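Data block below; observations after.
Here it is, written out as structure tokens:
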């Protein structure tokens, strides 16, 4: 029994080791294709058989009889391959030396002819080197050549006694070099010596040969002894450019079947010179962009290639990673940033402002300075004596209970320091009406609902707003000293600054969850259309209440519609209910904002819609955390940043595509039968229409 157990344990360990090993690197060649020849990796579109390569131009012959086995371009004589770069679209190949020697006054010329086919020598990474006494090296371009040929590149080295020639310097004496600034595909180069025909026996005996070769920048450094030791057996590396196709990226994308950037996490770049294009994995991914699943996420945290400082937490997400400080520390957690430093205090210092100054700043709280009104008070625009613009919030005089909310907001905001949360600058407590002073954030997300505004919110901006808002809420829930529930997440409480950076505001209704609890029993408070149904019925406030409200915000960003509107038909008044039914029936595009339907990637719309579905689940325990939501949105934002849409579908094609997807994939509550979903919809409708008033 013990022996059998040991064998089983050994087998399990071997399987675990094998699985771990197979996850290290993504495949670079097509399935069932040999990936290496000797020490050289042969990635697709190159291959060692026609089935494994894009076409015959990319065929590689592996000479197994050499040690080590060496790859050669199959259709082009004498060209061995040293390295293939997918990222830069380049080949490192080796080319031989041309030598011309004078023996017994006889000239024996040496000419090297090359044909690289569809590939070209790089025009900015190679050079021509010549050495010898009165030696010359010439390069002739044979492409489209006719009649008399003239050299297009030339270099000459002159005689000097070896003792006086500068070693390690290729400046014209015994050695000459010049850059190759042409794209050469079909060409030849030759070497000549004693070009001045000087009849000097001693000189000819000292330097009987002239040498000419091509080499990539930085791969060769001249030594005086090379003049005597170099032979035609020597080969030097050069850089050649390659590209796929004959079209630009824009034209190639129009035909999805022939478009060669197959990975969803890849981008297309036009070849710098000549026809064709290159494919490249997005930043944060690696592998082969020419294969459908070729680009895979790089886990910088696991591979220790991140920039997080020691003592910080590295969190990996698709395409990116983030650094965060441990509790009790603050900073960006990065080596080249602010790092992590101990917090001086759990609360920031709040400036005590004078009522007289705030009154002057708002022109005696004139109505023309009002920015907006909410459940806890009125917000004014103020200009301080130092010309700094601020926002000043005044509690409602008619409601003494709001003073408690103001104190609560001041305590909470004094503990928060996040770029996506509006900053509390100070307060004024010398009057019966408390005043809070915030940083001024000029633009409100109301532009989302009023398309007549001069500012139009693009899909990219909406995705940024969603991602930054999710980060802020995730920070409140998991990165503060104790979890903070906002309790009134809605678009009206998301402000946008000049750079369209989202700032979460209005913490008057917020609550701190003690570390030993996961929920609070409170009076139901929130805004109709955003209110968590579970919280409404149970009065149990949890972090998942914010998640539900954020789900409504996501739907608003997708549709451009208000969360609750009595101007819409009765079945559509509650946006969450309308969204749910549209998704169930495969009619997502019918409710997506027309301003973004042509701009947004269909798969991104679906991804965001599915995130909204999860957030809007009726049971809080089935909703994701805001940290999970933020990571998902960050992953989608990376794709949007790199513009990974491969093909522009027409509206009709896109709609048919969405309708073809089973409605179950859009279900708000996975695993809940139709009856339960209808019940949930009724709950939402009752919230919408049985309550009066609001915040």
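In mature numbering (1 follows the signal peptide of the UniProt record, and there is no 0), the protein residues as written are -24 to -1, 1 to 671.
Ideal Cβ placement from N, Cα and C applies to all residues, glycine included.
It should be emphasised that the depicted structure is a prediction, and the values quoted were computed from it without experimental measurement.
Beta-carbon gap between residue i and residue j smaller than 8 Å
{"i": "residue 614", "j": "residue 260", "result": "yes"}
{"i": "residue 295", "j": "residue 273", "result": "yes"}
{"i": "residue 401", "j": "residue 417", "result": "no"}
{"i": "residue 485", "j": "residue 506", "result": "no"}
{"i": "residue 478", "j": "residue 602", "result": "no"}
{"i": "residue 69", "j": "residue 58", "result": "yes"}
{"i": "residue 156", "j": "residue 129", "result": "yes"}
{"i": "residue 110", "j": "residue 172", "result": "yes"}
{"i": "residue 434", "j": "residue 572", "result": "yes"}
{"i": "residue 102", "j": "residue 16", "result": "no"}
{"i": "residue 605", "j": "residue 555", "result": "no"}
{"i": "residue 258", "j": "residue 243", "result": "yes"}
{"i": "residue 203", "j": "residue 263", "result": "no"}
{"i": "residue 528", "j": "residue 552", "result": "yes"}
{"i": "residue 404", "j": "residue 331", "result": "yes"}
{"i": "residue 35", "j": "residue 50", "result": "yes"}
{"i": "residue 558", "j": "residue 549", "result": "no"}
{"i": "residue 241", "j": "residue 271", "result": "yes"}
{"i": "residue 198", "j": "residue 131", "result": "no"}
Nearest to residue i (by Cα), restricted to the options the options
{"i": "residue 396", "options": "363, 442, 207", "result": "442"}
{"i": "residue 520", "options": "459, 575, 535", "result": "459"}
{"i": "residue 195", "options": "153, 593, 222", "result": "153"}
{"i": "residue 120", "options": "161, 37, 99", "result": "161"}
{"i": "residue 29", "options": "41, 7, 285, 14", "result": "7"}
{"i": "residue 1", "options": "523, 357, 101, 269", "result": "269"}
{"i": "residue 415", "options": "282, 369, 151, 124", "result": "369"}
{"i": "residue 60", "options": "231, 465, 20", "result": "20"}
{"i": "residue 488", "options": "95, 133, 408, 453", "result": "453"}
{"i": "residue 467", "options": "409, 411, 531, 92", "result": "531"}
{"i": "residue 361", "options": "94, 333, 345, 42", "result": "333"}
{"i": "residue 71", "options": "610, 354, 118, 213", "result": "213"}
{"i": "residue 465", "options": "230, 472, 279, 445", "result": "445"}
{"i": "residue 207", "options": "186, 461, 472", "result": "186"}
{"i": "residue 14", "options": "547, 48, 159", "result": "48"}
{"i": "residue 336", "options": "541, 366, 133", "result": "366"}
{"i": "residue 39", "options": "31, 193, 24", "result": "24"}
{"i": "residue 392", "options": "305, 349, 344", "result": "305"}
{"i": "residue 210", "options": "576, 476, 56", "result": "56"}
{"i": "residue 224", "options": "287, 215, 249", "result": "249"}
Same chain only: Cβ atoms within 7 Å of residue i, ignoring 5 sequence neighbours per side
{"i": "residue 78", "result": "169, 170, 180, 184"}
{"i": "residue 222", "result": "251, 252"}
{"i": "residue 297", "result": "276, 277, 282, 290, 291"}
{"i": "residue 590", "result": "599, 600"}
{"i": "residue 44", "result": "14, 15"}
{"i": "residue 117", "result": "128, 158, 160, 163"}
Cβ neighbours of residue i in the same chain (closer than 6 Å, five flanking residues each side left out)
{"i": "residue 87", "result": "164, 166"}
{"i": "residue 514", "result": "none"}
{"i": "residue 188", "result": "74, 106, 113, 165, 167"}
{"i": "residue 292", "result": "275, 277"}
{"i": "residue 508", "result": "521, 524"}
{"i": "residue 438", "result": "533"}
{"i": "residue 607", "result": "293"}
{"i": "residue 32", "result": "none"}
{"i": "residue 307", "result": "301, 314, 315, 316, 317"}
{"i": "residue 124", "result": "none"}
Cβ neighbours of residue i in the same chain (closer than 8 Å, five flanking residues each side left out)
{"i": "residue 247", "result": "65, 217, 219, 253, 254"}
{"i": "residue 609", "result": "439, 442, 443, 446, 584, 587"}
{"i": "residue 11", "result": "3, 4, 5, 17, 18, 19"}
Bridge partners - residue i, DSSP secondary structure assignment
{"i": "residue 215", "result": "68"}
{"i": "residue 164", "result": "89, 116"}
{"i": "residue 445", "result": "Residue 445 is not bridged to any residue."}
{"i": "residue 413", "result": "368, 402"}
{"i": "residue 47", "result": "38"}
{"i": "residue 132", "result": "112"}
{"i": "residue 102", "result": "192"}
{"i": "residue 220", "result": "253"}
{"i": "residue 528", "result": "DSSP lists no partner for residue 528."}
Contact test: residue i Cβ vs the ligand FAD heavy atom, cutoff 7 Å
{"i": "residue 187", "result": "Ligands displayed in this structure: none; no statement on the ligand FAD is therefore possible."}
Test: residue i CB closer than 8 Å to a CB of chain C
{"i": "residue 119", "result": "Protein chains in the displayed structure number just one, and chain C is not present."}
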